[in-house]
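Enquirer: In our numbering, the protein residues as written are -2 to 153.
For every residue, glycine included, the Cβ atom is placed at its ideal position computed from N, Cα and C.
These figures come from a predicted structure and were not determined experimentally.
Here it is: the structure, laid out below.
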């Protein structure tokens, strides 16, 4: 009977602690290094993502063109509804300190969405060798100002 008082105090505190702010920008990387690299011991989510990226590639050459690094960017911004863009910048080991950039536009009125960026094909394989992405940064820009950004550990 005496447990209800501590429980009545602790329960609202736990509820308030679990209410964190949602992330405005989330980046999910995936690196596909080999054709048929998934086996029965892999995580089902990774295996499903591999199959989704390889879907429609019939021959070994087509599958080889899809090897590389994929970045799925999820964004959720309720602060404004103006037009904007997701800017993905990256550096590859083979290109030194040169920063390459990809941009995905956001229509006015959208408050959430998904953008996919892929470094595959000739961009990924330079002279027959993989040109891995070493560092990356992703920015959400709305109405000309940076709303949020995420970056890899090695980005400077």
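Have a look at 33, 81, 45 and flag the residue whose alpha-carbon is nearest the alpha-carbon of residue 56.
Expert: Sequence index remark: in the chain shown, residue 56 carries index 59 (1-based). Among 33, 81, 45, the Cα nearest to that of residue 56 is on 33.
Enquirer: Assuming residue 112 contacts residue 101 under a Cβ cut-off of 8 Å, what Cβ separation, rounded to an integer in Å, is found between them?
Expert: Counted from its first residue, the chain shown places residue 112 at position 115. Counted from its first residue, the chain shown places residue 101 at position 104. Confirmed, Cβ separation roughly 4 Å.
Enquirer: Would DSSP call residue 50 helix, strand or coil?
Expert: One-based indexing of the chain shown puts residue 50 at position 53. Looking at residue 50 - three-state DSSP - the assignment turns out to be helix.
Enquirer: Quick one: what's got a C-beta closer than 8 Å to residue 23's C-beta in the same chain, skipping five residues either side?
Expert: Position 26 of the chain shown holds residue 23. Taken in chain order, the residues that qualify are 70, 71, 72, 147.
Enquirer: Over the uninterrupted alpha helix (DSSP H) stretch that includes residue 148, give me the two end residues.
Expert: For the purposes of this step, residue 148 is taken as residue 151 along the chain shown, with counting starting at 1. Residue 148 -> not in any alpha helix (DSSP H); beta strand (DSSP E) instead, spanning 142 to 148.
Enquirer: Quick check on the DSSP output: the beta strand (DSSP E) that includes residue 130 runs from which residue to which?
Expert: The count along the chain shown starts at 1 and reaches residue 130 at position 133. Run containing residue 130: 130 to 139, per the beta strand (DSSP E) assignment.
Enquirer: DSSP on residue 55, reduced to helix/strand/coil?
Expert: Position 58 of the chain shown, counted from the start, is the residue given in the question as residue 55. Residue 55 falls in the coil class under three-state DSSP.
Enquirer: In this structure, does DSSP put residue 110 in helix, strand or coil?
Expert: Taking the first residue of the chain shown as position 1, residue 110 is located at position 113. Note: residue 110 maps to strand in three-state DSSP.
Enquirer: On the premise that residue 68 lies in contact with residue 152, defined as a C-beta separation below 8 Å, what is that separation, rounded to the nearest angstrom?
Expert: Here residue 152 corresponds to residue number 155 of the chain shown, with the count starting at 1. Here residue 68 corresponds to residue number 71 of the chain shown, with the count starting at 1. About 13 Å; that fails the 8 Å criterion.
Enquirer: So, under 8 Å CB-CB, residue 90 and residue 27 are touching, yes? Tell me the CB distance rounded to an integer number of Å.
Expert: Here residue 90 refers to the residue found at position 93 when the chain shown is read from its first residue. Here residue 27 refers to the residue found at position 30 when the chain shown is read from its first residue. Wrong, their Cβ atoms sit about 18 Å apart, outside the cutoff.
Enquirer: Kindly indicate which residue of 59, 44, 137, 97 has the alpha-carbon position closest to the one of residue 107.
Expert: As a working note, residue 107 is residue 110 in the chain shown. For the residues 59, 44, 137, 97, the minimum Cα distance to residue 107 belongs to 137.
Enquirer: Mind reading off the beta-carbon distance from residue 103 to residue 128? Whole number of angstroms is fine, and I expect it under 8 Å.
Expert: Residue mapping note: residue 103 aligns to position 106 of the chain shown, counting from 1. Residue mapping note: residue 128 aligns to position 131 of the chain shown, counting from 1. The pair is not a contact, with the Cβ atoms about 29 Å apart (cut-off 8 Å).
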